[in-house]
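Enquirer:
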């Protein structure tokens, strides 16, 4: 089965820097542990994507067109189709005193947030801090080993796959999906309600549904809030005081440690 743009698939992949062979990303827990990049906070599992939707790097996305389910491919991704060419103008020299004002002691390799972007300290010398705001993989030629595990065809499963992609912190099986004509009603689980990224997740899911799922012209997101009934015999308790409650907080200045 040859794949095309707009196909819903699930892939396994491992990405390496071609020059060094260093693994920087993988869907395999086994590979992550072997290569020393395992993080217990990350769930390693096959990644759901829509081919051509920009869910993966352009070079990887393009290579999946024409692939087949079950096929393992080795792909080389040039910087232009990866994380971009290094831009010398994104290397900044900042007075050390600006960091001291924030209580930060910069050291080479430290990640720093500036102007809503993440940079890395390159050097600290003579009262100046050199910070590279380029992506850490900018200018690198990348290699991917990728396998397409399956293709999804059913409308409900396509929508569930998009929910899994855009709400990665929630169990995809907890989303309730009801399709009525050209409308899909999605009831979100409790794990989504208070997450600050929920709004972006709703927007991205709706956008991809309208673009890639035929026959759906309306998306209704539904949240259910129920009264919590205390168990029998339980007694109300006084909530502990919160230190600093009601106090104003100043605006955080930049740079700050990421």
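In this note's numbering, the protein residues as written are 3 to 260. Ideal Cβ positions, reconstructed from N, Cα and C, are used throughout, including at glycine.
1) With DSSP run on the structure shown, which of helix, strand or coil describes residue 199?
2) Helix, strand or coil: which one does DSSP assign to residue 9?
3) Going by beta carbon distance, what residues of the same chain come within less than 8 Å of residue 191, once the five residues before and after it are set aside?
4) Where does the unbroken alpha helix (DSSP H) through residue 101 begin, and where does it stop?
5) Label residue 120 either buried or exposed according to how many other C-beta atoms from any shown protein chain fall within 10 Å of its C-beta, with 16 as the threshold for buried.
6) Can you list, in chain order, the residues of its chain whose CB lies under 7 Å from that of residue 94, leaving out five sequence neighbours each side?
7) Is the Cβ-Cβ distance between residue 209 and residue 185 less than 8 Å?
8) Determine which residues share a DSSP beta bridge with residue 146 and list them.
9) Got a sec, what are the start and stop residues for the beta strand (DSSP E) residue 124 sits in?
10) Is the beta carbon of residue 145 less than 8 Å from the beta carbon of residue 12?
11) Hey, how far is the Cα of residue 129 from the Cα of residue 97?
12) Hey, residue 161 and residue 126: beta-carbon distance below 8 Å or not?
Expert: Let's see:
1) Three-state result, residue 199: coil.
2) coil
3) 172, 173, 176 and 177
4) Looking at the DSSP string, the run of the alpha helix (DSSP H) that includes residue 101 is 98 to 103.
5) It is exposed - the Cβ of residue 120 has fewer than 16 other Cβ atoms within 10 Å.
6) 133 and 135
7) no
8) 17 and 77
9) 119 to 127
10) Taking 8 Å as the Cβ cut-off, residue 145 and residue 12 do not qualify as a contacting pair.
11) 6 Å
12) No. Outside cutoff.
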